[in-house]
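For reference, the structure discussed in these notes is given below.
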Amino acid sequence: MAVQAAAKPASRDARRHNSQMYDAMRRLAQNKTAVLGFIIILIMILLAVFADVLFNYEQTVIKQNYAEMCQGPSLAYPFGTDELGRDILARVIHGTRVSLSIGFAATIMASFLGGAIGAVSGFYGRRVDMIISRVMDMLMAIPGTLLAIAIVAALETSMRNLILALTISSIPKFARITRGAVMTVKDCEHIEAARAIGARNGTIIIHHVLPNCLAPILVELTISVSFAILTISGLSFLGLGVQAPRPEWGAMLASSRTYIRDYSYMTFFPGLAIMLTILAFNLLGDGLRDALDPRLK
Amino acid sequence: MGVTSTAPLLQVNHLKKYFKTPRGTLHAVDDVTFTLEAGRTLGVVGESGCGKSTMGRAILRLLEPTGGEVRFAGEDVSKLSPAQMRAMRTKMQMIFQDPFSSLDPRKSVGQTIAEPIRLHRLIRGKQERQARVLELMETVGLSERLVNAYPHELDGGRRQRIGIARALAVNPKFIVCDEPVSALDVSIQAQILNLMKDLQEKIGLTYLFITHDLSVVNHFSDDIMVMYLGRLVEKAPSEDLFSHPTHPYTKALLSAIPIPKLHRETKRILLKGEITSPIDPPNACRFANRCPHATDQCRQQEPPLRERAPGHFVACFNQ
Amino acid sequence: MSDQKRHGSLALDIQGLVVEFHTLDGVVHAVNGLDLSIEQGTTLGLVGETGAGKTTTALSVLRLLAQPAGRIRAGSIRLDGEDLLAKSEQEMGKIRGKQVSMIFQDPMTSLNPVMTVERQIAEVIAHHTRLPERQAVEQARQMLETVGIPGERGSEYPHQFSGGMKQRVVIAMALACSPQLLIADEPTTALDVTIQAQVLEMMKQLRQTYQMSMLMITHDLGIVAETCDRVAVIYAGRIVEYGTLEDIFEHTLHPYTRGLFDSLPNLEDRTARLKPIPGLMPDPANLPEGCAFCTRCAYATDQCAQHRPERFYRTQEHYAECHRCRQICFEKGGSAVWE
Numbered sequence: 037m038a039v040q041a042a043a044k045p046a047s048r049d050a051r052r053h054n055s056q057m058y059d060a061m062r063r064l065a066q067n068k069t070a071v072l073g074f075i076i077i078l079i080m081i082l083l084a085v086f087a088d089v090l091f092n093y094e095q096t097v098i099k100q101n102y103a104e105m106c107q108g109p110s111l112a113y114p115f116g117t118d119e120l121g122r123d124i125l126a127r128v129i130h131g132t133r134v135s136l137s138i139g140f141a142a143t144i145m146a147s148f149l150g151g152a153i154g155a156v157s158g159f160y161g162r163r164v165d166m167i168i169s170r171v172m173d174m175l176m177a178i179p180g181t182l183l184a185i186a187i188v189a190a191l192e193t194s195m196r197n198l199i200l201a202l203t204i205s206s207i208p209k210f211a212r213i214t215r216g217a218v219m220t221v222k223d224c225e226h227i228e229a230a231r232a233i234g235a236r237n238g239t240i241i242i243h244h245v246l247p248n249c250l251a252p253i254l255v256e257l258t259i260s261v262s263f264a265i266l267t268i269s270g271l272s273f274l275g276l277g278v279q280a281p282r283p284e285w286g287a288m289l290a291s292s293r294t295y296i297r298d299y300s301y302m303t304f305f306p307g308l309a310i311m312l313t314i315l316a317f318n319l320l321g322d323g324l325r326d327a328l329d330p331r332l333k
Numbered sequence: 162m163g164v165t166s167t168a169p170l171l172q173v174n175h176l177k178k179y180f181k182t183p184r185g186t187l188h189a190v191d192d193v194t195f196t197l198e199a200g201r202t203l204g205v206v207g208e209s210g211c212g213k214s215t216m217g218r219a220i221l222r223l224l225e226p227t228g229g230e231v232r233f234a235g236e237d238v239s240k241l242s243p244a245q246m247r248a249m250r251t252k253m254q255m256i257f258q259d260p261f262s263s264l265d266p267r268k269s270v271g272q273t274i275a276e277p278i279r280l281h282r283l284i285r286g287k288q289e290r291q292a293r294v295l296e297l298m299e300t301v302g303l304s305e306r307l308v309n310a311y312p313h314e315l316d317g318g319r320r321q322r323i324g325i326a327r328a329l330a331v332n333p334k335f336i337v338c339d340e341p342v343s344a345l346d347v348s349i350q351a352q353i354l355n356l357m358k359d360l361q362e363k364i365g366l367t368y369l370f371i372t373h374d375l376s377v378v379n380h381f382s383d384d385i386m387v388m389y390l391g392r393l394v395e396k397a398p399s400e401d402l403f404s405h406p407t408h409p410y411t412k413a414l415l416s417a418i419p420i421p422k423l424h425r426e427t428k429r430i431l432l433k434g435e436i437t438s439p440i441d442p443p444n445a446c447r448f449a450n451r452c453p454h455a456t457d458q459c460r461q462q463e464p465p466l467r468e469r470a471p472g473h474f475v476a477c478f479n480q
Numbered sequence: 017m018s019d020q021k022r023h024g025s026l027a028l029d030i031q032g033l034v035v036e037f038h039t040l041d042g043v044v045h046a047v048n049g050l051d052l053s054i055e056q057g058t059t060l061g062l063v064g065e066t067g068a069g070k071t072t073t074a075l076s077v078l079r080l081l082a083q084p085a086g087r088i089r090a091g092s093i094r095l096d097g098e099d100l101l102a103k104s105e106q107e108m109g110k111i112r113g114k115q116v117s118m119i120f121q122d123p124m125t126s127l128n129p130v131m132t133v134e135r136q137i138a139e140v141i142a143h144h145t146r147l148p149e150r151q152a153v154e155q156a157r158q159m160l161e162t163v164g165i166p167g168e169r170g171s172e173y174p175h176q177f178s179g180g181m182k183q184r185v186v187i188a189m190a191l192a193c194s195p196q197l198l199i200a201d202e203p204t205t206a207l208d209v210t211i212q213a214q215v216l217e218m219m220k221q222l223r224q225t226y227q228m229s230m231l232m233i234t235h236d237l238g239i240v241a242e243t244c245d246r247v248a249v250i251y252a253g254r255i256v257e258y259g260t261l262e263d264i265f266e267h268t269l270h271p272y273t274r275g276l277f278d279s280l281p282n283l284e285d286r287t288a289r290l291k292p293i294p295g296l297m298p299d300p301a302n303l304p305e306g307c308a309f310c311t312r313c314a315y316a317t318d319q320c321a322q323h324r325p326e327r328f329y330r331t332q333e334h335y336a337e338c339h340r341c342r343q344i345c346f347e348k349g350g351s352a353v354w355e
């Protein structure tokens, strides 16, 4: 064989071959605060999924029970009961289901739409990019919450419209982040190499560009979920979001704020739930950013 | 492909690639004409910004040429439709400079090498394709167990071998090598150069070898062309060029190579003067500003490329 | 080898330097017992491949290792007889730029893009001399003239200069306080050959005018042949061969050094096949017990794999760390002939 023999084995080859994503997740697992955030989110997801098993929606969550109204935290009602005698714990847990499902649905839709728009804009550049970027700039000029309020107010308040509003207000952020990442990646030689072996633009975007833009999008995804949850609570607090009697943290805050002097626990627990959720997503997001940062490699 | 041994495999005629910049038109490649016969290696040397990489990419239509034609085996590449061009890419391939950025970090070695085979549907069966990937890996000296490794786990030399295997996957006739060894350490550089030479002998490849390293190009190429600011200034068989450099720029370039030997005899020509801007260059010899022998004629006219000796072309009035 | 008498004439004396980097994936042994000395007014070429520990050694001298990962585990670094490892961070601040300066590979990253070049040079001067600003700027312009840039261009910004000019500015900045020792880390790798020739020529002249000592870090044996008096070949964090230019080029001892020469294309015989060194440098996180080069060496024996080689001195100065050198040298009488 005329070709030079392969190099002798170096020790690192004996290792399992790990993709970059795997390595990043390994780094993430070593970050204590991020793991804490992840655990909180995991618990919340489990609570949301098994909310019906824990508390019956019809019987405990929405059924008014004047006999038990305004009771402070006790063994029977660890979070107490509200002004209509409903178990606050049950309502907070069922509220998780509402917040998380709307938050995730809106963010995932926004990331797909925004990601696609940003990818096209960044990859093709020139006029396409000009037009898309200006439209995104216009959307971005309107504060996200305000935009959501406008959309919900113009249509009507329903879960579907809420998700739609949050999706639209989150699209520009994903578009911008994806566009930036795509613009960096598309100048790499491996994109040119893909073109040199005869790959079409679509193949290049899907197989070579987007997988390499995943890191910033993933970070934005976590941050964006927390933004969405906060916005839902805000809208519900204003009466534009989830409607009674469906339990939602923001709506619970709104209805209990009249009793804040005498029964502060009524506002405390939904508030705590919002805070914990936002904190958890932000911790995870920060951890992800560090873990995915190539400079740490 | 019906290429007879006498007809050149690659014919480049008056190739031009201009870029629009805010300050004017950048003449990256300006009116370059040359031919390359099958099975030979043409070295392209020049300093950064001379347009050598741009030319390689314009030939492969990774950049659309502004003007001129590129004939590959008699066919005008610049007139092909996108679909025809994709098919053409099985005959013309490229090896890139940077083994770190030229591989997709999210694809394993096997995936990267299999991709061109998949794209062109060269081999249908999954198992046959995998067998071909392993065969290619053996050809370029990569051990089989690296098939699932990712580029970031490997050193520069091995990554460059992956790049070579990917180029070979479609059985090309012609490969543009854009500084394939300049990012590597000398001992690894020698491994890759030997590999490329062996492949040429075995498969009968034709190379366009772009580099700034003069000792490498001398070792590797049959013919060498020297570029300066988008222009072809001298082209000659390697031996001829190194023993009788004719263009003043070539002379300066050759004298500037640091030679790893004690007591060198040759006198170094140190260039002075500012480098002419390649943006809207004047109608003059582009080297005139730094040339020790420049005359008024050099500053008023562009010197044409003329054959001084058989196979030895120079673009200079004074030689 | 480290008798007190020699300290007086040595610009830089590194003994037994051990540098480790603590990373998530384990401890990387970048430098493993490195000895290096530069006599006053001479240039030492430090030659080796990527990852051999060249830059780490240089950064250790300036005490600029990446923190907190990089640690100097053992050894001593003496600059003009003074122990640098015993200095406080504040004292080091006075030494850097004043007594020892460094030029980095990429001129673009060593210059501040939003500051005129004369101000950047003046800043260094002002930091070490307490000259008033106007005088410092004046001196900065003189420095620019010394490196062949018209003084009035000092009021321009780095992006207005070409690559070669930027590297000249960096050199002017490094020389602004006439340091005794200049560390040049691949100063011309980012430059074109014709520009490289100009810069190297200029550096040679400046070294003579300023009577400096220089540590020239490079992978290019051609540059070594042109600029250095002595050569140290570094492999896996140790000096494997050391000697005068003539020793290294004409009486090569170590098989690694031999391999480096053989890997280079020969300008005189263009068809000669290259003889690369097979394999790769060992992973610095996982070094072999014996000679670090043994896995790539055609002459290696069991002894090489098990024991770290002692130095074999061919002359008083010229040595190589190799078990087989001694044997082969004795056999062939005088100079090692590897075949």
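Those sequence lines, one after another, are chains G, B and H.
For the first sequence, my numbering assigns the number 37 to the initial residue and increments by one for each residue that follows.
For the second sequence, my numbering assigns the number 162 to the initial residue and increments by one for each residue that follows.
For the third sequence, my numbering assigns the number 17 to the initial residue and increments by one for each residue that follows.
Ideal placement from N, C-alpha and C gives every residue a C-beta, glycine not left out.
Below 6 Å CB to CB, which residues in the same chain sit around G350 of chain H once its five sequence neighbours on both sides are set aside? Confidence at G350 of chain H is low in this model, with a pLDDT of 49, below 50, so its placement is unreliable and the value that follows should be read with caution. Taken in chain order, the list of residues that qualify is empty.
Beta carbon of Y389 of chain B nearer than 7 Å to that of F448 of chain B: It is a contact, given that the beta carbons lie within the stated cut-off.
Under 9 Å from the C-beta of F158 of chain B: neighbouring residues of chain G: Examination of residue 158 of chain B is not possible in this model, given that chain B is present from 162 through 480 alone.
Once the 5 residues before and after G271 of chain B are set aside, which same chain residues still bring their CB inside 7 Å of it? Short of 7 Å from the beta carbon of G271 of chain B, and not among the five residues preceding or following it, lie these beta carbons of its own chain, in chain order: V294, V308, N309.
Identify the contact partners of D401 of chain B in chain H, using a Cβ-Cβ distance below 7 Å as the criterion. The contacting residues do not exist; D401 of chain B stays about 11 Å from chain H at best.
Alpha carbon to alpha carbon, how far is R279 of chain B from L149 of chain G? Going by the C-alpha atoms only, they are around 29 Å apart.
Check whether chain G comes within 7 Å of R267 of chain B, counting only Cβ atoms and requiring the distance to be less than that. It does; some Cβ of chain G falls within 7 Å.
Any C-beta of chain H sitting closer than 7 Å to the C-beta of D346 of chain B? yes
Assign H226 of chain G to one of two classes, buried (16 or more other C-beta atoms within 10 Å of its C-beta) or exposed (fewer than that). buried
Between the Cα of A308 of chain H and the Cα atoms of H:G49, H:C193, H:A206, which residue gives the shortest distance? H:G49
Can you say whether M166 of chain G is buried or exposed, counting buried as having 16 or more other CB atoms within 10 angstroms of its CB? By the Cβ-count criterion, M166 of chain G is exposed, with fewer than 16 other Cβ atoms from all chains shown falling within 10 Å of its own Cβ.
In chain order, what residues of the same chain have a beta carbon less than 6 Å from the beta carbon of T71 of chain H, not counting five sequence neighbours either side? Close CB contacts of T71 of chain H within its chain, under the 6 Å cut and outside five residues either way in sequence, are with D201 (chain order).
Is the separation between the beta-carbon of A201 of chain G and that of I187 of chain G shorter than 7 Å? yes
Length of the line joining the Cα atoms of V218 of chain G and N237 of chain G: 13 Å
What does S209 of chain B reach in chain H if we use C-beta pairs closer than 8 Å? G179, D208
I think R451 of chain B touches K433 of chain B, with their Cβ atoms under 8 Å apart; what is that distance to the nearest whole Å? 7 Å
Beta-carbon within less than 6 Å of V186 of chain H's beta-carbon, same chain only, minus the 5 sequence neighbours each way: which residues are those? For V186 of chain H, same chain residues with a beta-carbon under 6 Å away, outside a window of 5 residues either side, are I119, P123, S126 in chain order.
Considering only residues of the stretch 233-309 of chain H, which uninterrupted beta strand (DSSP E) runs meet the minimum length of 3 residues and lie entirely inside it, listed in chain order? Counting only runs of 3 or more, we get 246-251, 254-260.
Chain B beta carbons: is any one of them nearer than 7 Å to that of S55 of chain G? yes
Who are the neighbours of Q224 of chain H on chain B, taking C-beta pairs under 8 Å? Chain B residues near Q224 of chain H: none, gap ~17 Å exceeds 8 Å.
Would you say F265 of chain H reaches chain B, if we count a Cβ-Cβ gap shorter than 7 Å as a contact? yes
D384 of chain B beta carbon less than 7 Å from that of P398 of chain B: yes
CA-CA distance, K181 of chain B and A189 of chain B? 10 Å
Classification of F370 of chain B by the beta-carbon crowding that lies within 10 angstroms, buried from 16 upward: buried
Count the other CB atoms within 10 Å of the CB of K363 of chain B; is the residue buried (16 or more) or exposed (fewer)? Of the residues assessed, K363 of chain B falls on the exposed side of the cut-off, its CB having fewer than 16 other CB atoms within 10 angstroms.
Less than 7 Å between C-beta atoms, sequence neighbours within five positions excluded: which residues of the same chain meet that for G321 of chain G? Result list for G321 of chain G: V255, T258, I259, in chain order.
Quick check on the DSSP output: what are the complete alpha helix (DSSP H) runs of length 4 or more inside the stretch 50-115 of chain G, in order along the chain? 56-65, 68-85, 87-90
Using the beta-carbon count (16 or more within 10 Å), is N302 of chain H buried or exposed? By the beta-carbon neighbour count (other beta carbons within 10 angstroms, threshold 16), N302 of chain H is exposed.
Could you tell me which chain B residues have their CB closer than 7 Å to the CB of P247 of chain G, listed as they occur along the chain? R267
Which of helix, strand or coil DSSP assigns to S263 of chain B: For S263 of chain B, the secondary structure class from DSSP, reduced to helix, strand or coil, is coil.
Please report the residue range of the alpha helix (DSSP H) in which K252 of chain B lies. Counting along the chain, K252 of chain B falls outside any alpha helix (DSSP H), and DSSP gives it neither H nor E.
Should A292 of chain B be listed as close to the ligand ADP, given that the test is whether its C-beta is under 6 Å from any heavy atom? The ligand content of the structure shown is nil, which means the ligand ADP is not present either.
For R429 of chain B and chain H, any beta-carbon pair shorter than 7 Å? Yes, contact with chain H.
Identify every residue that forms a DSSP beta bridge with E395 of chain B. B:V387, B:V475
Straight-line Cα distance separating L250 of chain G from Q350 of chain B: 34 Å
D29 of chain H: first and last residue of the uninterrupted alpha helix (DSSP H) it sits in: Here D29 of chain H belongs to no alpha helix (DSSP H); instead the beta strand (DSSP E) covers 26-39.
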